[in-house]
Ligand SMILES: Cc1ncc(COP(=O)(O)O)c(C=O)c1O
């Protein structure tokens with residue numbers, strides 16, 4: 084299909100015209116904070132494999148993949164066929180379906196940490212339910228999370244999400260609300276710890292040990308800069324949980340894709356609960372809490388009322404379950420290894436270009452996730468890798484230059500590979516990256 088014909092798939096309006104309509108019915112013309120772009124975003128119309136088209140007829144190589152969730156790219160034929168067949172059979176019902184058992188079995192087969200699984204509709208809901216499960220199991224109310232870490236839109240884990248030099252404080256991280264109007268009780272119940280700063284975090288955890296239900300930790304937090312939690316930090320957190328009865332919730336909504344059995348297997352740490360989402364739904368909305376039977380039992384109603392009741396009209400809906408099962412079957416060890424090889428190639432290629440053009444910075448990489456950083460300082464902590472205003476300005480420029488040059492990546496310069504990608508796609512990325520970087524250098 085030619086690009087011109089593609090604009091006719093919708094009403095034939097251009098992005099600016101659609102945005103004009105959007106602004107009349109949606110606040111700010113938008114529904115998703117993370118994808119809003121001034122003056123307006125390009126509106127997508129079609130995707131195929133590694134490519135995405137917008138209504139203006141522009142084709143881009145998609146390295147965002149709906150913020151890492153489309154591990155098999157757009158409209159993978161086997162996933163589409165499964166969705167179509169399921170849509171013709173049953174879209175949703177107030178009876179369970181075998182499809183939820185199938186996806187749960189597929190996930191449980193990947194990690195011994197996943198003894199039981201409970202499905203939600205998003206990663207945010209998964210984190211919320213994991214926190215509730217930890218509270219229900221321990222009878223305690225506080226949680227701890229790392230400064231700057233993103234865990235979705237549940238208010239308890241939004242605390243200090245976007246702390247910066249102006250408000251993070253001199254010593255222990257300040258507890259900053261993310262949304263105006265966040266209740267003080269939410270701030271009081273969230274202990275904010277500095278990522279990868281072992282002694283400082285331990286002291287803060289100890290001070291609340293009797294009240295802590297859980298530590299919520301993304302072991303490779305994209306928003307902190309795709310930096311791994313150090314073995315020492317992970318050990319401290321695990322030991323603290325074992326000693327105090329607090330649960331370790333590993334948020335692998337993104338980082339599950341770095342290895343066949345997720346980040347906890349790669350890093351060799353035993354989680355109590357794991358939150359999942361994104362890739363496990365084959366492109367459809369999903370989330371899940373997985374963990375040891377003794378913790379997950381809080382959701383059981385077999386003996387009467389559950390300690391933590393968990394309803395949800397669309398929980399384990401057969402569309403997401405079916406798409407997810409196919410996606411997980413396709414994301415086997417071989418697919419994982421191939422993505423790893425492609426991302427090593429991408430990382431080396433982009434690093435070479437930055438070096439040749441004399442641009443300070445580095446490419447960080449974990450499995451099929453990459454992050455372009457225009458900062459060459461060694462990165463270990465949130466504060467130590469926090470971009471200054473000039474770096475932030477240039478990174479925004481680079482994001483926009485890539486968008487103009489046919490590459491879609493995350494606003495924070497996170498790039499995600501998908502299984503339809505081949506070496507030639509990395510070549511295309513390299514070519515467009517060099518062009519985009521040259522534009523940013525001219526503007527500097
Ligand atoms: C680590 C992490 N946890 C939770 C979430 C929330 O997932 P969702 O957007 O599906 O609600 C995200 C989303 O990007 C995430 O990156």
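Residue numbers (this note's numbering): 84 to 527. All C-beta atoms in this analysis are idealised placements derived from N, C-alpha and C, irrespective of residue type, glycine included.
So residue i is in the beta strand (DSSP E); what residue range does that whole segment cover?
{"i": "residue 456", "result": "452-456"}
{"i": "residue 360", "result": "356-360"}
{"i": "residue 128", "result": "127-131"}
{"i": "residue 274", "result": "273-276"}
{"i": "residue 446", "result": "445-449"}
{"i": "residue 370", "result": "370-374"}
{"i": "residue 512", "result": "From DSSP, residue 512 is part of no beta strand (DSSP E) but of the alpha helix (DSSP H) over 506-526."}
{"i": "residue 556", "result": "Beyond the ends of the chain as shown, which are 84 and 527, falls residue 556; an answer cannot be given."}
{"i": "residue 175", "result": "Counting along the chain, residue 175 falls outside any beta strand (DSSP E), and DSSP gives it neither H nor E."}
For residue i and residue j, which I take to be in contact (beta-carbon distance under 8 Å), what is that distance rounded to the nearest angstrom?
{"i": "residue 189", "j": "residue 412", "result": "7 Å"}
{"i": "residue 399", "j": "residue 183", "result": "4 Å"}
{"i": "residue 242", "j": "residue 259", "result": "7 Å"}
{"i": "residue 256", "j": "residue 230", "result": "4 Å"}
{"i": "residue 501", "j": "residue 123", "result": "Not a contact, Cβ separation roughly 26 Å."}
{"i": "residue 372", "j": "residue 201", "result": "5 Å"}
{"i": "residue 141", "j": "residue 126", "result": "That pair is no contact at about 11 Å."}
{"i": "residue 303", "j": "residue 449", "result": "5 Å"}
{"i": "residue 165", "j": "residue 406", "result": "6 Å"}
Between which two residues does the alpha helix (DSSP H) carrying residue i extend?
{"i": "residue 185", "result": "181-191"}
{"i": "residue 151", "result": "148-151"}
{"i": "residue 429", "result": "416-439"}
{"i": "residue 406", "result": "401-413"}
{"i": "residue 498", "result": "Taken as a continuous stretch (DSSP letters only), residue 498 belongs to no alpha helix (DSSP H), being part of the beta strand (DSSP E) at 497-499."}
{"i": "residue 101", "result": "98-108"}
{"i": "residue 481", "result": "472-487"}
Mind checking who residue i pairs with in its DSSP beta bridge?
{"i": "residue 157", "result": "132"}
{"i": "residue 390", "result": "In DSSP, residue 390 forms no bridge with anything."}
{"i": "residue 491", "result": "145"}
{"i": "residue 119", "result": "Beta-bridge pairing links residue 119 to no other residue."}
{"i": "residue 200", "result": "373"}
{"i": "residue 253", "result": "None, per the DSSP bridge assignment."}
{"i": "residue 137", "result": "127"}
Scan the region 278-350 and note each continuous beta strand (DSSP E) run of 3 residues or more that stays entirely inside, going in chain order.
295-300, 330-334
Residue ranges of each beta strand (DSSP E) within the region 204-249, 3 or longer:
225-229
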